[in-house]
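Trainee:
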Amino acid sequence: METVIEVRNLVKRYGDLMAVNGIDLDVQAGEVYSILGPNGAGKTTSVEIMECLRRKTSGEVRVLGHDIERGQKEIKKRIGVLPQSFNAFDYLTVKENIEYFGGLFDKRIPTDELIDAVQLQDKRDVWFINLSGGLKQRVGVAIAMVNDPDLVFLDEPTTGLDPKARREVWEVIRNLKSRNKTVILTTHYMEEAEVLSDHVAIMDEGRFIAMGTTRQIIDQHGSGSTCIVKGANDAAVAALRSAGMICEANDGDLLVRIEDKGSLPKIVGFLSSPEVTYDEVLIKGSSLEDVFLKLTGRKLAEAEQ
Amino acid sequence: MRPKHVLVDLKGQARSFFRIKSNIFWVFAFPLLLIVIFGAIFSNMGSEMVTLNVQDLDEGPGSQQLLAAINGTGMVKIRFISPLADLEQHIKDNSLAHVMVVPANYSANLASNITAPVELRLDETVSTSGTVFNAVNGVVNAVNLQMAGGEQRVTIEVGSIVQKRFTFLDFFVPGIIGLTVMTTCVFNVQGTISRFRANGIFRKLATTPMTPFEWLLSRILWHLFISFLTLAVIMGFGVLLYGMNMSVNLPVVLMIVAGSAMFSALGMIVARFVKNEETASMAANAITFPMMFLSGTFFQLEMMPSYLQQVAAVLPLTYMSQGLRDAMVYDNLAGAYFNLAVVAAIAVVFVIAAVLITKWEEG
Chain A
23 METVIEVRNL VKRYGDLMAV NGIDLDVQAG EVYSILGPNG AGKTTSVEIM
73 ECLRRKTSGE VRVLGHDIER GQKEIKKRIG VLPQSFNAFD YLTVKENIEY
123 FGGLFDKRIP TDELIDAVQL QDKRDVWFIN LSGGLKQRVG VAIAMVNDPD
173 LVFLDEPTTG LDPKARREVW EVIRNLKSRN KTVILTTHYM EEAEVLSDHV
223 AIMDEGRFIA MGTTRQIIDQ HGSGSTCIVK GANDAAVAAL RSAGMICEAN
273 DGDLLVRIED KGSLPKIVGF LSSPEVTYDE VLIKGSSLED VFLKLTGRKL
323 AEAEQ
Chain B
1492 MRPKHVLVDL KGQARSFFRI KSNIFWVFAF PLLLIVIFGA IFSNMGSEMV
1542 TLNVQDLDEG PGSQQLLAAI NGTGMVKIRF ISPLADLEQH IKDNSLAHVM
1592 VVPANYSANL ASNITAPVEL RLDETVSTSG TVFNAVNGVV NAVNLQMAGG
1642 EQRVTIEVGS IVQKRFTFLD FFVPGIIGLT VMTTCVFNVQ GTISRFRANG
1692 IFRKLATTPM TPFEWLLSRI LWHLFISFLT LAVIMGFGVL LYGMNMSVNL
1742 PVVLMIVAGS AMFSALGMIV ARFVKNEETA SMAANAITFP MMFLSGTFFQ
1792 LEMMPSYLQQ VAAVLPLTYM SQGLRDAMVY DNLAGAYFNL AVVAAIAVVF
1842 VIAAVLITKW EEG
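Those sequence lines, one after another, are chains A and B.
Numbering (this note's numbering) for the first sequence: 23 to 327.
Numbering (this note's numbering) for the second sequence: 1492 to 1854.
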């Protein structure tokens, strides 16, 4: 399989601040690769270096077989970019904006085809300024696709969108994958990375702290599944702890680690005792959020603060 | 450089520019309002201290006494023209509005009790001509009263400097055209750059094959087009409503080209050195406001104190407005091309600086 991005020991400094601290990355053709992390982790700086928007301090970066400094011209012809906080020309319509950017490339997809792809047929003659946030992002994706790129960078495409708009953008990203485009997605939404990606790199303070498929990362760094007992009484806590189960109280819930296959029947057995009462029992697997918490000691929301 | 990229951006600007109502106001309605308002205010003014250019061919005691008396009125100050100068050429080259010639035999005629005429040549369409005439006439009457008990010994022969018949607005409008070119180019360009930088459009453009030079060229060409449109609208307005009489010739066209490039580049330079849109707007105001009032748009330069005239001499708009006046009103081609050369030289420097410092990519 063709490697479309190769990054080796990439460093970006701003004075004393180390924004990107020696990362390595390999992205294969046709995959959706998410770079996940809190604001300020270095995601955008890293991808903007790959997009030829920022200069690196040191390291090697090759995109589509070209060095990013010597091969900028060739790279720009073959990539599509949805920058963070994307904006287009306010007083041009959806169609005119797509035509504008299409006119800057030799190879281009017909405007109507792009409008169909992002399902903006009924907004084609609406000024960009009059679109909602979600619709603007869809225009951004259409513009990122205008030159039929081999590699598409989507930098936080759903930040600031409501859940409905976010899911609309997800559909557009799935559509890109179905067209065999390689997609680099940066996000600080764990769920987004889990749902859309073939591979994920979790970034914090300028470094990748975990990489692989979502499953690999969770298997390697996750804490297994957890049984959540809602409204458990003291007898339930005492019974589980006396049996050596790892329990943790959290906002009135009792969280019991499921260590292995035999743990779950035991937990159910204890919960069946007549003195134990509870409202509800849920089983929850490890998530990337749990991995981030485990690896950094912080929740993602805390890291953003 | 790929012309296709420039054309794409020009097409985008053409589509969006006129959809923004404020653009139409500032580019077309505002200058017309200025013409109506300031034209009404300034067309009848005339009590300021103004310069009277004097060629004293006599240089005798009589002429010195007369000129000292005129100077002493406090209404005019005298600037001497060499007796050897070709007066017609000097008037044309310097776009003079008030000139007095004292003939060679003035003192001798006075001594011989013969009528001694002085020639006063005024541009009667300039508001200060009345002031000059009153000052000279007052002194001449006093001299006649003193020397001959009121008999007309010294006389004034009034002539006109301007060949064609112009109104005050004919002189005012070139300044308004220069002013509008300046404000349109500086504010639009700095506003666009600041906005595109803040809202990420530059970041998006930087990922395309378009280069910053192609983008800047497109912006300059667009503002050149807008400047010519402004020229056409203002002149059309003036001709239809005020019956103005103006020439549009090669130096006018070249001055609009050079001025548009100069002020567009100035807008780019302003935008480069400020952080955000609000600050950029303030910086543009700080640069254009002094030029608006000190470059001879609303007030004739010679009405201003000498230290302000020195300030005006370093302001680019001064040369643009004066050049347009020379070309459109005075038929002073030498003056027009001199001012054009100054504006073109500044434009070259500004454009080179703008191209060198305008970047899309960040550190």
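Ideal placement from N, C-alpha and C gives every residue a C-beta, glycine not left out.
Model, not experiment: these values are computed from the prediction.
Does A/Y211 come out as helix, strand or coil in the three-state DSSP assignment?
Mentor: In the structure shown, A/Y211 adopts coil according to DSSP, grouped into three states.
Trainee: Which residue comes first and which comes last in the beta strand (DSSP E) that contains B/N1544?
Mentor: 1541-1547
Trainee: Our contact map puts A/V174 next to A/V140 with C-beta atoms below 8 Å; I'd like the distance itself, whole angstroms only.
Mentor: Rounded, the Cβ-Cβ distance is 13 Å, inconsistent with contact.
Trainee: Along the stretch 1672-1694 of chain B, what residues have a CB closer than 8 Å to any CB found in chain A?
Mentor: Only N1690, G1691, I1692, R1694 from the stretch 1672-1694 of chain B bring a Cβ to less than 8 Å from some Cβ of chain A.
Trainee: Determine contact between the stretch 227-234 of chain A and the stretch 39-56 of chain A, defined as no fewer than three beta-carbon pairs at a distance below 8 Å.
Mentor: yes
Trainee: So with CB distances below 9 Å, who are the chain A contacts of B/G1503?
Mentor: F111, L114, E118, N119, E121, Y122, G125
Trainee: Let me know the secondary structure DSSP gives A/Y55 once reduced to three states.
Mentor: Looking at A/Y55 - three-state DSSP - the assignment turns out to be strand.
Trainee: Starting from the beta carbon of B/S1709, find every residue of chain A whose beta carbon is closer than 7 Å, and list them in chain order.
Mentor: Result: empty, since nearest Cβ-Cβ is about 12 Å, beyond 7 Å.
Trainee: What number of angstroms, rounded off, separates the C-alpha of B/V1649 from the C-alpha of B/L1792?
Mentor: Approximately 24 Å, taken between the alpha carbons.
Trainee: Using the beta-carbon count (16 or more within 10 Å), is A/P179 buried or exposed?
Mentor: buried
Trainee: By DSSP's criteria, B/M1782 is part of a beta bridge. Which residues make up the other side?
Mentor: BP columns for B/M1782 are empty, so no partner.
Trainee: Grouping DSSP H, G and I as helix and E and B as strand, with all else coil, what is A/A41?
Mentor: strand
Trainee: Is it the case that the Cβ atoms of B/T1698 and A/K98 are separated by a distance below 8 Å?
Mentor: The answer is yes: Cβ separation under 8 Å.
Trainee: Residues in its own chain within less than 6 Å of B/N1571 by CB, not counting five upstream and five downstream?
Mentor: It should be pointed out that residue 1571 of chain B corresponds to Phe in this sequence rather than to Asn. The answer, listed in chain order, is V1545.
Trainee: Show which residues of chain A have a CB atom less than 8 Å away from the CB atom of B/H1714.
Mentor: Under the 8 Å cutoff, chain A gives no residues; its nearest Cβ is about 17 Å from B/H1714.
Trainee: B/I1511 versus chain D: which residues are under 8 Å apart at the beta carbon?
Mentor: The question asks about chain D, but that chain is absent: this structure's protein chains are A and B.
Trainee: Could one say the Cβ of B/V1846 lies closer than 8 Å to chain A's Cβ atoms, at least one of them?
Mentor: no
Trainee: Confirm, please, whether the CB-CB distance from A/V313 to A/V278 is below 8 Å.
Mentor: no
Trainee: Can you name the residues of chain B whose CB is closer than 8 Å to the CB of A/P105?
Mentor: G1691, R1694, K1695, T1698
Trainee: Answer with buried or exposed for B/E1642, where buried requires no fewer than 16 other C-beta atoms within 10 angstroms of its C-beta.
Mentor: Answer is exposed; the Cβ neighbour count stays below 16.
Trainee: Leaving out the 5 sequence neighbours to the left and right, which residues in its chain are closer than 6 Å to A/F292 when beta-carbon positions are compared?
Mentor: Excluding sequence neighbours, A/F292 sits near A261, L262.
Trainee: Are A/R160 and A/T115 touching if we call contact CB-CB under 8 Å?
Mentor: no
Trainee: Consult DSSP for B/V1630 and reduce its assignment to one of helix, strand or coil.
Mentor: helix
Trainee: Go through its chain and collect everything with a Cβ distance to B/G1537's Cβ below 6 Å, but skip five positions before and after it.
Mentor: Unreliable positioning characterises B/G1537 in this predicted model, as indicated by a pLDDT of 42, which lies under 50. The coordinate reading is nonetheless provided below. Here the set comprises S1618, T1619, G1621, T1622.
Trainee: At the level of alpha carbons, what is the spacing between A/G52 and A/E216?
Mentor: 17 Å
Trainee: Please classify B/I1717 as buried or exposed, where buried requires at least 16 neighbouring CB atoms within 10 angstroms.
Mentor: Burial call: buried.
Trainee: What residues from chain B crowd round A/K129, counting only those whose CB sits closer than 8 Å?
Mentor: In chain order: nothing, as chain B lies at least about 11 Å away.
Trainee: Could you check what DSSP says for B/Q1654 in three-state terms: helix, strand or coil?
Mentor: Unreliable placement is indicated for B/Q1654, whose pLDDT of 48 sits below 50; the coordinate value is still reported in the next sentence. Three-state DSSP puts B/Q1654 in coil, outside helix and strand.
Trainee: Would you list, in sequence order, the uninterrupted alpha helix (DSSP H) runs of no fewer than 4 residues that lie entirely inside the stretch 1703-1786 of chain B?
Mentor: 1703-1733, 1741-1763, 1768-1785
Trainee: In whole angstroms, what separates the C-alpha of A/I101 from that of B/V1518?
Mentor: 39 Å
Trainee: Run through chain B and tell me which residues come within less than 8 Å of A/K95, C-beta to C-beta.
Mentor: Ordered by position in chain B, the residues that pass the 8 Å Cβ test against A/K95 are P1700.
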